[in-house]
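Peer 1: There's a structure below that I have some questions on.
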Amino acid sequence: MDLFEAFKKRHSYRKDFTDEKVSRYMLEKIVEAGILAPSGKNEQTTQFVVVDDEEKVKEIASISGGRKAFHTASAYIVCLIDREPEPILKDMNFQVEDCAAAVENMLLAVTSFGLASVWIDGWLRVEGRNEKVCEILGIPKNKIARVILPIGYPAEKPEGPEKLGINERASFNTYDLS
Numbered sequence: 001m002d003l004f005e006a007f008k009k010r011h012s013y014r015k016d017f018t019d020e021k022v023s024r025y026m027l028e029k030i031v032e033a034g035i036l037a038p039s040g041k042n043e044q045t046t047q048f049v050v051v052d053d054e055e056k057v058k059e060i061a062s063i064s065g066g067r068k069a070f071h072t073a074s075a076y077i078v079c080l081i082d083r084e085p086e087p088i089l090k091d092m093n094f095q096v097e098d099c100a101a102a103v104e105n106m107l108l109a110v111t112s113f114g115l116a117s118v119w120i121d122g123w124l125r126v127e128g129r130n131e132k133v134c135e136i137l138g139i140p141k142n143k144i145a146r147v148i149l150p151i152g153y154p155a156e157k158p159e160g161p162e163k164l165g166i167n168e169r170a171s172f173n174t175y176d177l178s
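Written out as structure tokens, the structure is:
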């Protein structure tokens, strides 16, 4: 799939997945796409836990509160950052940004394989879900699960929302957008 075609086709898929399992090869390539993302000062801080064990997938799905993508996903990729990141430039760190770049690369890889996913972030930050996911996966206390991607073959044709055109979102040399 052409890169710009992947940009156009990628969207958040929150519906059911089929029963077909995502191959370990595809999961490895998706994570490799995340690893290849840029990171602040090349610190490469984002870590990944790939979950394709059926029992662990079911255990994570059980805390999802009925979300379709969670209950029918073949696998998850959990993106980890430090709970208390050290500054790497003055008083700043870039772990959230690094994670976001990795996630977008992975979502494009997901799309290129004909798979679908949805970026789950806020859901992890409420009702103790982060701690539950970390406990299920044996993630150490100094890390947090920042993003989780449920991944599978879409049961319905994925169609994303219409995007505004370049003239509505960008201008050259000065701000000229109303």
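The sequence shown begins at 1 in full-length UniProt numbering and counts up one residue at a time. Positions of the beta carbon are idealized from the N, C-alpha and C atoms, including for glycine. Small disclaimer: the values here were computed from a predicted structure and weren't measured.
Can you round the beta-carbon distance between Leu107 and Trp119 to whole angstroms, since I take them to be within the 8 Å contact cut?
Peer 2: 7 Å
Peer 1: By DSSP, does Asp98 sit in helix, in strand, or in coil?
Peer 2: helix
Peer 1: What first and last residue would you give for the alpha helix (DSSP H) that runs through Arg67?
Peer 2: Note, Arg67: premise wrong, no alpha helix (DSSP H); not H, not E.
Peer 1: Using only the alpha-carbon positions, how far apart do Ala100 and Leu115 sit?
Peer 2: 19 Å
Peer 1: Out of His11, Val126, Ser23 and Glu43, which one is the CA nearest neighbour of Pro158?
Peer 2: The shortest Cα separation from Pro158 among His11, Val126, Ser23 and Glu43 belongs to His11.
Peer 1: Report all residues from its chain with a CB closer than 8 Å to the CB of Glu168; omit the five preceding and five following residues, and keep chain order.
Peer 2: Excluding residues within five positions, the ones whose Cβ falls inside 8 Å are Leu177.
Peer 1: Please report how far the alpha carbon of Leu164 lies from the alpha carbon of Phe4, in whole angstroms.
Peer 2: 16 Å
Peer 1: Residues in the same chain with beta-carbon distance under 6 Å from Ser74, minus the five sequence neighbours each way, listed in chain order, please.
Peer 2: Once the five neighbours on either side are set aside, the close Cβ partners of Ser74 are Lys21, Val22 and Gly152.
Peer 1: Classify Asn173: buried if its beta carbon has 16 or more other beta carbons within 10 angstroms, exposed otherwise.
Peer 2: exposed
Peer 1: Which word fits Met92, buried or exposed, when buried means at least 16 other C-beta atoms lie within 10 angstroms of its C-beta?
Peer 2: exposed
Peer 1: Can you say whether Met26 is buried or exposed, counting buried as having 16 or more other CB atoms within 10 angstroms of its CB?
Peer 2: buried
Peer 1: Could you check which residue in Pro154, Ala170, Ile148 and Glu162 has the C-alpha nearest to that of Ile63?
Peer 2: Checking every option, the nearest Cα to that of Ile63 belongs to Ile148.
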